[in-house]
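First comes the structure, then the notes that go with it.
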Amino acid sequence: MTTILLIEQVLNGLQFGVMLFLMAAGLTLIFGVMGLINLAHGSLYMVGAFAAAAVAGATGSFILALIASLVAAAAAGAIVELVVIRRLYDRDHLDQVLATFALILIFSEGTRWLFGSFPLFLDIPPALSGPVTLPGGIEYPLYRLVIIGVGLFIALGLFQLIARTRIGIRIRAGESDREMIAALGVDISKLYTLVFALGAGLAGLAGALVGAIQSVQVGMGEPVLILAFVVIVIGGIGSIRGALVGALLVGLTDTLGGVLLPGVFATFMEPSAATAVGSSLASMSIYILMAAVLLFKPTGLYGSA
């Protein structure tokens, strides 16, 4: 493998990891603060992608499409929290899993009813299309670099929100002792709605950003949701820093594994067999990574007991 190809794959892994962070950050906030297992988080990712595709098709503006993805997903998340999730906080996790799985079906069929079964396409804006030349003569798509930059900027903003604002203090306090902050006069119901809407908005934004690379279709959020759960297990439940580190590790492991492992086995196996074995192990590499982390640190890299 050439150095240029390796650097390109590292950048692809960073872009994939940043997208996973936008999903996992909201998921880890919801689970860490509310103690809620939300299987419908991938549906909110899908809602953001479809909202962006619809607005971009109607207006031709990519910026308006991104705003629409945030607003639509956050609004959908707030409505879901008020109507359904609020009744599940005192129920066991099995009830939460069953209820949020039902929400997946509702969102999928509702989206299919509104937009049809055929994929939609969100075009990359002309200003962000095409490659740019990086140091060393590496050409890489500008839009993927923008995704990396946007994701890291949002990560910095979330760190500042959680660590330095009054809302962030309340979120951290709600994660530690929700009964105590309720006794101190904090409206825990409004806090939960805010956290859920924030997590949903981040998922919707991730869907819109990725929708310009892939097609926008019903059910697109479920595979990403599985990887987001892997991310928060690796990083530690409730930790934004853990979500970022875990997402980057998963993104790089998945991307580089698919490129490097077939080449490793090709040194002592026939090319066809090496490709098959390497590809199979590459698809399992993120789960092997998760198992290795849990073996040495069961709470995740930055989680607490």
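Per the UniProt record's numbering, numbering of the sequence shown is gapless, rising by one per residue and ending at 305.
Think of the CB as a built atom: it goes at the ideal place given N, C-alpha and C, for glycine as much as any other residue.
In this text the structure is predicted, and so the values were computed from the model without any measurement.
Counted within 10 angstroms of its Cβ, other Cβ atoms place residue i as buried (16 or more) or exposed
i: residue 109; result: exposed
i: residue 286; result: buried
i: residue 288; result: exposed
i: residue 139; result: exposed
i: residue 41; result: buried
i: residue 201; result: buried
i: residue 171; result: buried
i: residue 55; result: buried
i: residue 141; result: buried
i: residue 58; result: exposed
i: residue 98; result: exposed
i: residue 156; result: exposed
i: residue 165; result: exposed
Cut-off 7 Å between Cβ atoms - residues of its own chain near residue i, not counting five sequence neighbours on either side
i: residue 205; result: 22, 48, 66, 69 and 70
i: residue 115; result: 50
i: residue 290; result: 230, 233 and 234
i: residue 125; result: 62
i: residue 96; result: 36, 37 and 88
Under the three-state DSSP convention, the category residue i falls into
i: residue 131; result: strand
i: residue 216; result: strand
i: residue 109; result: helix
i: residue 120; result: strand
i: residue 237; result: coil
i: residue 139; result: strand
i: residue 185; result: coil
i: residue 79; result: helix
i: residue 38; result: coil
i: residue 270; result: coil
i: residue 323; result: There is no way to answer for residue 323, as the model of the chain reaches only from 1 to 305.
i: residue 91; result: coil
i: residue 256; result: helix
i: residue 275; result: helix
i: residue 301; result: coil
i: residue 223; result: helix
i: residue 61; result: coil
i: residue 84; result: coil
i: residue 126; result: helix
i: residue 28; result: helix
i: residue 165; result: coil
Cutoff 6 Å; reference residue i; Cβ partners in own chain excluding five residues on either side
i: residue 38; result: 30 and 100
i: residue 252; result: 13
i: residue 4; result: 138
i: residue 221; result: 42, 43, 45 and 46
i: residue 210; result: 19
Residue i: CB within 8 Å of a non-hydrogen atom of the ligand MN
i: residue 258; result: The model depicted lacks the ligand MN and carries no ligand whatsoever.
Own chain partners of residue i with C-beta closer than 8 Å, once the 5 adjacent residues on each side are dropped
i: residue 144; result: 11, 12, 15 and 213
9 Å Cβ cutoff, residue i in contact with chain B
i: residue 229; result: In the structure shown, chain B cannot be found, because there is only a single protein chain.
Evaluate the contact criterion for the region 212-229 versus the region 16-35: three or more CB pairs, one atom per stretch, below 8 Å. Yes, the region 212-229 is in contact with the region 16-35.
If you pair each beta-carbon of the region 127-135 with each one of the region 179-195, do three or more pairs fall below 8 Å? When Cβ pairs closer than 8 Å are counted between the two stretches, the region 127-135 is seen not to touch the region 179-195, the count staying below three.
Does the region 2-21 touch the region 148-159, meaning 3 or more C-beta pairs lie closer than 8 Å? Contact holds: three or more Cβ-Cβ distances are below 8 Å.
May I ask you to verify whether the region 240-247 touches the region 298-305, counting CB pairs closer than 8 Å and requiring at least 3? With the rule of 3 Cβ pairs closer than 8 Å, the region 240-247 counts as touching the region 298-305.
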